[in-house]
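Whatever position you read off the first sequence (first residue = 1), add 62 for this note's numbering.
Glycine included, every Cβ here is placed at the ideal spot set by N, Cα and C.
Keep in mind that this is a model prediction, so the values were computed, not measured.
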Amino acid sequence: MPSSKLVLIDGNSILYRAFFALPPLTARDGTPTNAVYGFTTMLLRLLSDENPTHLAVAFDKSKVTFRHADFAAYKGTRQETPDELVQQFPLARRTLEALSIPMIEIDQYEADDVIGTLAKRAAEAGFEVRVVSGDKDLLQLVDSHVHVLLTRKGITEMEHFDEQAVAQRYPGLKPAQVIDLKGLMGDPSDNIPGVPGVGEKTALKLLASFGTVEGVYEHLKEVQGQKLRERLEQHRDDAFLSKRLATIACDAPVEVDLDSLRYEGPDPARALAWFRELDFRSLVDKISEEMSHDSTSPQPSAEPGRPSTAWDGFAYDVIEDVQAWREAVSAFNEPVGVMMDFAHPDYHVAEIRGMAVAAPKRAYYIRFGERLELSDVRPWLVSERPKVAFDLKSMAFALDAHGIGLTPECGWQDVKLAAYLLNPQDGDVELSEVFARERGQELPPREDATREKWLAYTASHLPPLFESLAYTIRMQEMERLYQEVELPLAFVLAKMEITGFYVNREKLQAFGEGLTERIERITQEIYELAGTSFNLNSPKQLGEILFDKLGLPALKKTKTGYSTSADVLEKLAPMHEIVQKILDYRMLAKLQSTYVEGLLKVIRRETGRVHTRFHQTLTATGRLSSSEPNLQNIPIRLEEGRRLRQVFEPTYKDWVIFAADYSQIELRILAHLSGDEALIDAFRHDMDIHTRTAADVFEVPPEQVTSLMRRQAKAVNFGIVYGISDFGLSQNLNIPQKEAKRFIENYFEKFPGVKRYMDEIVRQARERGYVTTLMNRRRYLPDIHSRNYQMRSFAERTAMNTPIQGSAADLIKLAMVRIDRAMRDAQMDARMLLQVHDELIFECPKDELPALEVLVRDNMENAMTLSVPLKVDTAHGPTWYDAK
DNA sequence: AGCAATCA
DNA sequence: TGATTGCT
């Protein structure tokens, strides 16, 4: 049996060294991390190089120690520890916690003393001991079983000192004489005086002759050199004091049992989660690599028939009959990873070939066929047994097509959702990207030939992956957002996608035919006015016609040429009748191509409905997005486009479309977040907020607010929500930037709480590197420190906008989850169809309308309690158009 | 501010 | 990929 090996680390010394040895380094949130980084890399290096059986890190507990009783000025010349280092001590402690490494500190004693005491005890108990520090004083501890590792220039480079190495570094010196050396030399860094004029050379010579400080003074007369003798005589007390100060107390009251320092290796999930939080990317890679190879850390066994973490040797069993399935699944008593084997890359094509079910130590591929059907695994899929998936919404969608309805109560967790909450800026990511980011592991390529193995392999990794994500989510206080909002919402969204929205194809085609006629007519008119035909859809050709041929002024340019955007064309409209026709053409063409043709393409033949996809893990703010088709941008502003909504009908004849939207949700959230009294007051009195803003900003009574004033105030309110810039507002209102600036200044004067909030949130973003929403959804803003004005300003506006937009997203998502549950509880037939950021669209039988209205309004208005009331407007009608 | 779709 | 337009 190999002997026990104890590694003792001088935490303070290493952190101090690391801080000054490494360039500045910060986490995403701006916290300095260079010292912790060095500390951690050193720890990991030690673990792999020394392979300790026992391990501890010692810290100084208090500034005042027993040494100060002896010499008040001890360490008196030390500079104040820099703030950037002070901040890192708690991080170092949490690092040790994450790595499960014991920490020791004792009142009145320094880390040295703890180390000396433990080293001595351990050596007596037959341990090999390694002491790690940056402080040469520790060399006094060296003996045949205690070696000292001193950090070299960097931090991971170590110089190994045994007795021989000490004698080499200080010619002829024994480790025990280190204190005598220091007694004579002193140590300016600790304000230990020593004997002035005695340096290392002289001290070593003296000690070679007389052994100790005591020996020197006993034989003072024999010392060569009168001046030296005089100095020694004069500073006798200093010499003895210095020796005492340098002497490590090997009898400190350390009430720690050596057994309790036994080191079993870190918990990989905790360690990785913590390193991820610190943004130690290279360490995340490194440690996951080490853990998958290091035989001392807990690993799945590599026995025959059992999976190892490595792809090549990965083994899994194929299950094809009910009996084997039951046996396999009943043997799991831990969270199980599940990967569905879709026959098609699009989950809306809900064909399922099989599924992988695996934990780190056992993996199966379940092949569906005659002897085992999906319905056989249904009880397990809907049970409360803990199961981990990647993209639950797609599973819930596909399984529903096979009569298996997953609910939030079914014991599922979702790696994709968890990963999104931790890094929303990455958008919709693949499983392989999460693996790469969280574990530093490359996933093998997904190939047809190894499909089943790939699924089993990845499934086996899902549970630990989820564990580490969940740990960080808890640390960032997003557990409620995950458990009570995003996770249950996935099931709600799956249901909405499954339901779809009925589209009256004939109406839509007729609408399109009307458009075609108008487009043809207007195209001819434009060609006549231009005197030539050209591609109206090409901004380049259009620009040539307008600005070169017709000689209209080019008001704005783009990177590639003239700008022909709507705001430019609107200014040119009075100058030539072709311009308005082009604007009309643009509108009609948009309606035709995007909405009529686009919608017709995605109506499902079988259902006559469109089944949009809601992306729950895409936006940086927490909003949903919608695609194929995007039902979140169906026209409404202009009547001609709005009519398109007439093609969206209820499923059944006697049903209606019901819509409920939050009134001024973002400004209400701003009122709450900022605590601005005027804004809060306005909403408590349910005023028309734009009129009220106009009255304040233009200093007139509300009755005298003109429509222009209200329009301008409305733009200011928008600007405020988006994080105002005078440039942006001037563009919006088509006014000089100076005037826009005055509007904003006026606004902030009337709403000082808003001003304070905006300043504070930007300050917070700078300090922490991120901003948060009401439910602690987080968004990192690394550009907030950019030297580039544009990028920095953008980050600042994002800092102002994200808490507002993101909190609104939190709010409506929470409402959706509750509404879904309430509708199920009440066994209603009504269905939620769409979410459009601040509104929800339903279809329901006419007779359910009153109950649905109450239920929806209640859950939306009371989703959260803010300092202003939440107001919901509702409407209904025979089509979406009529629900206004 | 945040998205998606279309076209060249 | 960029320009444009649709939505909140």
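Could you compute how far the alpha carbon of residue i sits from the alpha carbon of residue j?
i: Q361; j: V496; result: Because Q361 carries a pLDDT of 38, less than 50, the predicted location of this residue cannot be relied on, and the following value inherits that uncertainty. Rounded to whole angstroms, Q361 to V496 spans 21 Å at the Cα level.
i: T941; j: R707; result: 7 Å
i: W373; j: P330; result: 19 Å
i: S357; j: L84; result: Residue placement at S357 is flagged as unreliable, the pLDDT there being 38, under the threshold of 50; the coordinate-derived value follows with that caveat. So the alpha carbons of these two residues sit roughly 31 Å apart.
i: M540; j: L483; result: 8 Å
i: V191; j: T218; result: 19 Å
i: I644; j: K621; result: 22 Å
i: K244; j: R214; result: 20 Å
i: A227; j: E262; result: 17 Å
i: E172; j: D249; result: 17 Å
i: A802; j: M771; result: 13 Å
i: D408; j: L896; result: 21 Å
i: G367; j: D379; result: Any reading at G367 must be qualified, since the residue scores a pLDDT of 36, below 50, and its modelled position is unreliable; the value itself is stated next. Taking the straight line joining both Cα atoms gives about 8 Å.
i: V346; j: R499; result: 8 Å
i: A945; j: P691; result: 20 Å
i: I751; j: R880; result: 29 Å
i: P422; j: E546; result: 28 Å
i: I782; j: T864; result: 12 Å
i: V316; j: S195; result: 19 Å
i: A871; j: T679; result: 12 Å
i: F337; j: R675; result: 34 Å
i: V411; j: C472; result: 23 Å
For residue i, which residues does DSSP report across the bridge?
i: E711; result: Y564
i: C312; result: Looking at the DSSP assignment, C312 forms no beta bridge with any residue, so it has no partner.
i: A425; result: A420
i: Y842; result: Y832
i: F720; result: F904, H938
i: M401; result: A418
i: T88; result: P94
i: I71; result: V119, V194
i: F223; result: V210
i: Y624; result: K619
Considering only the beta carbon of each residue, do residue i and residue j sit closer than 9 Å?
i: V477; j: L531; result: yes
i: F805; j: V767; result: no
i: A418; j: A481; result: no
i: F904; j: V916; result: no
i: R424; j: F376; result: no
i: V816; j: Q826; result: no
i: R433; j: V384; result: yes
i: M401; j: S456; result: no
i: P507; j: W717; result: no
i: G868; j: R685; result: yes
i: A722; j: L911; result: no
i: S689; j: H677; result: yes
i: L180; j: K198; result: no
i: I874; j: A913; result: no
i: L77; j: F189; result: no
i: I414; j: A405; result: yes
Hey, would you say the C-beta of residue i is under 8 Å away from at least one heavy atom of the ligand MN?
i: T683; result: The ligand MN is not among the ligands present in this structure, which contains no ligands whatsoever.
Secondary structure, beta strand (DSSP E): runs of 3+ residues fully inside the stretch 442-526: Listed in chain order, they are 449-451, 474-476.
Given 8 Å, three or more beta-carbon pairs between the stretch 695-714 and the stretch 644-656: At 8 Å Cβ cutoff, the stretches touch.
Cβ contact check for the stretch 537-556 and the stretch 514-527: 3 or more pairs under 8 Å: In this structure the stretch 537-556 does not lie against the stretch 514-527, because fewer than three pairs of beta carbons, one per stretch, are closer than 8 Å.
The stretch 929-938 / the stretch 743-752 touching (three or more Cβ pairs under 8 Å): Flag = yes, the stretch 929-938 and the stretch 743-752 touch.
At least 3 beta-carbon pairs within less than 8 Å: the stretch 458-466 vs the stretch 486-496: Segments in contact, no.
Contained beta strand (DSSP E) runs [length at least 3] in the stretch 97-156, N- to C-terminal order: As far as the stretch 97-156 is concerned, its whole beta strand (DSSP E) runs of at least 3 residues are 116-120.
Stretch-stretch touch, CB-based, cutoff 8 Å, three pairs: the stretch 193-212 with the stretch 228-240: Using a C-beta cut-off of 8 Å, the stretch 193-212 makes contact with the stretch 228-240, since at least three inter-stretch Cβ pairs fall below that distance.
Segment contact flag, the stretch 847-867 with the stretch 768-787, C-beta cutoff 8 Å, min 3 pairs: In short, these stretches touch, since the Cβ pair count reaches three.
Inter-stretch contact (C-beta, 8 Å, three-pair minimum) for the stretch 500-520 and the stretch 838-852: Too few Cβ pairs lie closer than 8 Å, so no.
Every unbroken alpha helix (DSSP H) inside the stretch 319-345 [4 residues or more]: Counting only runs of 4+ residues, the alpha helix (DSSP H) found wholly inside the stretch 319-345 occupies 330-339, in chain order.
Cβ pair count under 8 Å reaching 3, the stretch 627-639 against the stretch 658-666: Output reads no: the stretch 658-666 does not touch the stretch 627-639.
Cβ contact check for the stretch 67-79 and the stretch 164-183: 3 or more pairs under 8 Å: With contact defined as three or more Cβ pairs closer than 8 Å, the stretch 67-79 and the stretch 164-183 are in contact.
Runs of beta strand (DSSP E) lying entirely within the stretch 849-919, each at least 3 residues, in chain order: DSSP runs (the beta strand (DSSP E)) wholly in the stretch 849-919: 893-897, 901-907.
Segment contact flag, the stretch 617-632 with the stretch 596-605, C-beta cutoff 8 Å, min 3 pairs: Contact annotation: the stretch 617-632 touches the stretch 596-605, with at least three C-beta pairs closer than 8 Å.
Contact the stretch 288-301 vs the stretch 155-171: 3+ CB pairs below 8 Å: Short answer: they don't touch.
Residue ranges of each alpha helix (DSSP H) within the stretch 663-713, 4 or longer: Listed in chain order, the complete alpha helix (DSSP H) runs (minimum 4 residues) inside the stretch 663-713 are 701-704.
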